[in-house]
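Contents: one structure, followed by commentary.
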Amino acid sequence: MNQYAMRFAVIRFMPYVQTREFANIGIIITHPQSGYFDFKIEHRYGRLSRFFRHFEPSIYKAATHAFAEELQRIRNLAAHSTPDQIRAMLDHLTRPREALIMATQPGVTLASDREQELNRLFDYFVAHSFAKNQPEVELTRQIQAMLKPLRTVYPFKESTIGDPSGFHASIPLVQKAENGEIRKIIKPIYFGQKDPADIYHKSDKWLASIKRLRRSGYIDRSEILFAYEPPEHPDKAHKRHCLTYWATWRSNVYSLPATRTTQSSETLPATNSPQDRPHYAGFLFFAV
29 MNQYAMRFAV
39 IRFMPYVQTR
49 EFANIGIIIT
59 HPQSGYFDFK
69 IEHRYGRLSR
79 FFRHFEPSIY
89 KAATHAFAEE
99 LQRIRNLAAH
109 STPDQIRAML
119 DHLTRPREAL
129 IMATQPGVTL
139 ASDREQELNR
149 LFDYFVAHSF
159 AKNQPEVELT
169 RQIQAMLKPL
179 RTVYPFKEST
189 IGDPSGFHAS
199 IPLVQKAENG
209 EIRKIIKPIY
219 FGQKDPADIY
229 HKSDKWLASI
239 KRLRRSGYID
249 RSEILFAYEP
259 PEHPDKAHKR
269 HCLTYWATWR
279 SNVYSLPATR
289 TTQSSETLPA
299 TNSPQDRPHY
309 AGFLFFAV
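Quick note on this note's numbering: the sequence shown kicks off at 29 and runs consecutively.
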């Protein structure tokens with residue numbers, strides 16, 4: 029069965045540019061060799077209202093309608109365009125911009141059915157994000173609120189770190205100097221999954237990702253902080269697995285326990301005492 033190597037980008041809705049808060053609302057996918065260009069957008073605002081309670085729904089609907097019309101125009105052009113032209117179309121759509129609706133840097137995916145892959149990516153990045161990633165979105169928002177009074181010289185913004193055509197990771201809170209050097213990274217992470225195995229898989233993924241980025245020199249001198257949150261009412265199994273999981277992190281991180289309303293500073297001290305186990309929300313400083 030033939031496999032299509034396709035490029036795709038995630039469509040994001042970012043109503044407040046200052047805080048860089050966003051929600052994934054759609055997918056753009058292309059297969060330049062066959063002239064394929066398609067997209068899928070979530071036009072219903074109801075699912076986003078939990079994230080952006082004070083935003084006017086009519087503005088969202090108008091913005092998504094206008095963006096969809098632009099993508100429809102490009103889709104019609106793509107049917108009569110060369111592969112290089114289609115690549116340029118996606119590159120144009122994903123260029124950095126300050127806008128209500130934007131697209132991320134392109135990724136690559138391989139599948140035998142182009143339309144099914146579009147639906148799969150939409151389910152993964154958009155539909156599942158509303159159901160599964162809400163705690164991390166909320167935690168990101170709370171951290172941004174903690175950082176705002178500090179008035180740091182260099183703001184924390186969402187950024188993709190790594191090789192765009194190779195290994196890279198998207199992190200919501202990254203502080204860069206004027207020369208582009210990454211100074212500090214904050215990655216909110218939620219550890220309240222029902223299946224303890226999911227907690228291990230998620231933590232292992234991010235530990236491996238940070239180590240790989242460090243070995244590649246992308247975050248060689250960066251201070252890295254994981255802001256974690258367990259479930260509000262953990263059962264005995266969760267507590268037991270958290271203790272085991274904590275031992276895995278002991279050689280990789282320093283921890284600073286803290287509630288989400290703890291007073292913060294731009295340079296936070298790190299502790300590594302036995303009582304600092306993650307029973308509640310706090311910070312993990314990466315130390316390798």
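Here a beta-carbon is modelled for each residue, glycine too, at the ideal position from N, C-alpha and C.
In this text the structure is predicted, and so the values were computed from the model without any measurement.
Looking from the CA of leucine 167, the closest CA among Gly220, Ile57, Leu241 belongs to Gly220. Boundaries for glutamate 126: no beta strand (DSSP E) harbours it, and the DSSP string shows neither H nor E there.
Here leucine 121 really is in contact with alanine 131; their C-beta atoms are around 5 Å apart, less than 8 Å. When the five nearest sequence neighbours on each side are left out, the beta carbons in the same chain lying within less than 8 Å of the beta carbon of serine 244 are those of Gly190, Asp191, Phe195, in order along the chain. At a Cβ-Cβ threshold of 8 Å, isoleucine 227 and isoleucine 238 do not count as neighbours.
In the three-state reduction of the DSSP assignment, proline 183 falls in the coil class, being assigned neither a helical nor a strand state.
Beta-carbon to beta-carbon, serine 140 and glutamine 31 are separated by about 6 Å, close enough to satisfy the 8 Å threshold.
A check of alpha carbon separations from aspartate 151 across Pro183, Asn52, Tyr88 identifies Asn52 as the nearest. Straight through space, the alpha carbons of aspartate 66 and arginine 103 are spaced by roughly 6 Å. In terms of Cβ geometry, tyrosine 256 and isoleucine 199 do not form a close pair [threshold 8 Å].
The DSSP assignment places 224 to 243 as complete runs of the alpha helix (DSSP H) inside the region 173 to 250, in order along the chain (cut-off: 4 residues). DSSP, read as helix, strand or coil, puts threonine 168 in helix. In this structure isoleucine 129 touches alanine 91 by the C-beta definition: roughly 5 Å separates them, less than 8 Å.
Residue Tyr73 holds the alpha-carbon nearest to the alpha-carbon of glutamate 84 among Met117, Tyr73, His93. No residue range can be given for asparagine 30, since it is assigned to no beta strand (DSSP E) and is classified by DSSP as neither H nor E. Leucine 149 and aspartate 263 have their C-alpha atoms roughly 33 Å apart.
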